[in-house]
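The block underneath contains the structure these notes are about, expressed in structure tokens.
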Amino acid sequence: MLSIYNTLTKMKEEFVPIHSPEVSMYVCGPTVYDFFHIGNARSFIMADIVRRYLEYKNYKVKYVMNLTDVDDKIIKKSIQEKKQAAEISENYILAFLEDINKLKIKPATLYPKATAHMKEIIQFIKELEDKGYAYNIDGNVFFDVLKFKEYGKLSGKKTDELESGARIEINEEKRNPLDFSLWKKAKAGEPFWESFWSKGRPGWHIECSAMSCKHLGTTFDIHAGGNDLIFPHHENEIAQSEAANGKKFVNYWIHFGFLNINDEKMSKSLGNFFTARDILKKHSAEAIRLSFAQTHYAGPLNYSEDLLLSSEKGLEKINNLAYKIQNELSTAKKTEVSLNFNFDKYYRAFESSMDDDFNTPQATAVIFDFTRDINKTISENENLNYEFFKSAKLFLEKTAVNVLGILDFEKHSKYAGDSIENELIELLIRLRIEAKEEKNFLLSDKIRDRLKEIGIILQDSKERTTFKRITI
RNA sequence: GGCGCUGUAGCCAAGCGGUCUAAGGCGAAGGUCUGCAAAACCUUUAUUCGUCGGUUCGAAUCCGACCGGCGCCUCCA
């Protein structure tokens, strides 16, 4: 039984989809005005793990991630760079898809763009206006927060307290400072769309309501995003959607904790701002994902180079086992020793960890336990049969590869890389074995050292010498 | 001021009423194997969970106070 901590109720709840085995899931995507940063990457990766685990449990997930391609920041950038807003957003959409792919994040079922849903967005606002939840002042349309009685139920804020808060911007046009934009009239030079009210563009929150409603229905299962989106973004989405549809918007709200850099909030002004691209130059997707998975998704995560380094070291253990398994599968025979290794125990441990609100730190601990126990079994039993290694590989594939995305068998195949190169390495290994047999350790060590310099690591065991490549 | 999160070994981090004399990763120390490496495995590294009280047969886990850290309330994942 899967339970999920629901921000709306502040409790862990049993997950029951509306139309099992289908699950509808919406994740707030990027505003495409720049490369996304490592903090965004944490949200996208953790959402990806949630999705992959649902798929592990045989749910059929419809996963929708919006691309915000109309927005003040995009317009600002387009003015700075003297380009069309659409050109900026198109470029960063491509970059986004590239980076997502490099981070081993499974593509969403759909990536709806705000600009491709103007009709739906305008219709949605119209609906709110018709029902008396929105008002138009000179071409700017606002949502009337006081009309929606349950406003604040997600963030736990009370409208009267919010009003008295000193930090709310006072806008003379609005009836109430809490009211937020549904439609903004375009200023000269800004991109615009025709509407009932003015030539303009949608406010920030309305696209998510309109697009999730269109693609997932008026009520759907899971809505996820960063912690900071709880207020006002998600609060406003609830208000808009429930006011327009008269139905509960979302059953389960999942929010991801913030990522800090060396205990400080990441910001461009502090100079501690890293894009996912930057990090990917130094570290593999697997290492990044493991370092995120080792902290629970809801808590804060302090990013540092040391953190990545320690995850990288840990990964090496899993990678070495993957490599060993790949080697054994190419040589082990069906007739060799079979033994009763209790694989089921590890599946159960993995599942009970993930079932408990996606406890990835515990799930990764299961992977490490498994790695140790398989290694131990291998060293204690000679000539294990093919089935054993196949089952070991299957476990890692289902968990570390498919759910957590912290392992890639292809990278650790003996046959990764160029085949002629592989044959040359094998040749050097044979020569080195001959040297060793003649006790010419000077030569054998030289071969090993020189290969290491070019990124090939040799490892001797009793029966044979294996090699692996250093990869990031 | 309001809302919420958080304080567990040298570092990161699970556990959230009994099986906790507290998982896992990194680091450190010793050992097995080895010509030497490397890998792998074994052992050691928190009798204690910010502090002080309380509830309970029993608390890292619940409650209160206090002392720290952080986020949101304004664009932000």
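For what it's worth, the working numbering labels the leading residue of the first sequence as 2, then goes sequentially.
By construction, the Cβ of each residue, glycine as well, lies at the ideal position given by its N, Cα and C atoms.
Since the model is a prediction, treat every value here as computed from it, not as a measurement.
**Q.** Assigned exposure category for phenylalanine 197 - 16 Cβ within 10 Å defines buried
**A.** exposed
(Q) Looking at the strands, I want to know which residues DSSP matches up with valine 65. (A) Residue pairing for valine 65: DSSP places it in a beta bridge opposite Tyr27 and Leu111.
Q. How many whole angstroms separate the CB atoms of valine 1 and valine 24, which I take to be in contact at a CB cut-off of 8 Å?
A. Residue coverage of the chain in this structure runs from 2 to 473, which leaves residue 1 outside it and unanswerable.
Q: Please report how far the alpha carbon of glutamate 15 lies from the alpha carbon of proline 22, in whole angstroms.
A: 15 Å
Q: List the residues that DSSP assigns as beta-bridge partners of asparagine 137.
A: Val142
Q: Specify the secondary structure class of proline 22 as computed by DSSP and reduced to three states.
A: coil
Q. Is the closest heavy atom of the ligand MG to the C-beta of valine 142 under 7 Å?
A. Absent from the structure shown: the ligand MG. Ligands present: none.
Q.
Am I right that lysine 175 and phenylalanine 143 are in contact with their C-beta atoms under 8 Å? What's the rounded C-beta distance?
A. 6 Å
Q) In its own chain, which residues sit with a C-beta less than 6 Å from the C-beta of isoleucine 220, not counting the 5 before and 5 after it? A) What sits at residue 220 in the sequence shown is threonine, not isoleucine. Counting only Cβ-Cβ distances below 6 Å, and skipping sequence neighbours, we find Lys248 and Lys249.
Q: Assign glycine 512 to one of three DSSP states: helix, strand, or coil.
A: Summary: the structure shown does not reach residue 512, with the chain confined to residues 2 through 473, and so no result is reported for it.
Q. Between the beta-carbon of serine 210 and the beta-carbon of phenylalanine 125, is there less than 8 Å?
A. yes
Q. What is the rounded straight-line gap between the Cα of isoleucine 39 and the Cα of aspartate 145?
A. 36 Å
Q | Within 8 Å, strictly: CB atoms of asparagine 376 and leucine 322 | A | yes
Q. Counting Cβ pairs, one atom from each stretch, are 3 or more of them under 8 Å apart for the stretch 394-407 and the stretch 364-374?
A. Cβ pair count under 8 Å is three or more, so yes.
Q. If leucine 183 and leucine 230 are in contact, beta carbons under 8 Å, what's the gap, nearest whole angstrom?
A. Rounded, the Cβ-Cβ distance is 18 Å, inconsistent with contact.
Q: Under the assumption that alanine 86 contacts isoleucine 76 (Cβ atoms under 8 Å), give the Cβ distance between them as a whole number of angstroms.
A: Rounded to the nearest angstrom, the Cβ distance from alanine 86 to isoleucine 76 is 6 Å, consistent with a contact under 8 Å.
Q. What does a CB cutoff of less than 6 Å around threonine 361 pick up in its chain, not counting 5 residues either side in sequence?
A. Ala294
Q) Straight-line CA distance for leucine 432 to alanine 288? A) 35 Å
Q.
Would the stretch 254-265 count as touching the stretch 53-60 if we require 3 or more Cβ pairs under 8 Å?
A. no
Q | Residue from Glu435, Ala401 and Arg43 whose Cα sits closest to the Cα of lysine 318 | A | Ala401
Q) Among residues of its own chain, excluding the 5 on either side of threonine 372, which ones have a beta-carbon nearer than 6 Å to its beta-carbon? A) Lys318, Ile319 and Leu322
(Q) I want to know whether the stretch 221-240 touches the stretch 152-159 - three or more CB-CB distances under 8 Å. (A) yes
(Q) Let's see if you can read the secondary structure: which residues bound the beta strand (DSSP E) around glycine 201? (A) 201-203
Q) For lysine 107 versus arginine 43, is the C-beta spacing smaller than 8 Å? A) no
Q. Taking the C-alpha atoms as reference points, what is the distance between asparagine 441 and serine 420?
A. 28 Å
**Q.** phenylalanine 181, DSSP secondary structure in three states
**A.** strand
Q | Cut-off 6 Å between Cβ atoms - residues of its own chain near glutamate 170, not counting five sequence neighbours on either side | A | Interpretation of glutamate 170 is limited by its pLDDT of 48, a score under 50 that renders its predicted location unreliable; the figure taken from the coordinates is listed afterwards. For glutamate 170, where only same-chain residues beyond five positions count, there are no Cβ hits under 6 Å.
Q.
With a threshold of 6 Å on Cβ separation, who are the neighbours of alanine 167 within its own chain once the five nearest residues in sequence on each side are excluded?
A. Note on alanine 167: pLDDT 43, under 50, position unreliable in the model; no value is reported.
Q. In its own chain, which residues sit with a C-beta less than 6 Å from the C-beta of isoleucine 471, not counting the 5 before and 5 after it?
A. Gly456
Q: Report the residue from Tyr324, Asp180, Ile80 and Pro18 whose alpha carbon sits nearest the alpha carbon of lysine 469.
A: Tyr324
Q. What separation, rounded to the nearest whole angstrom, lies between the Cα atoms of asparagine 41 and serine 268?
A. 13 Å
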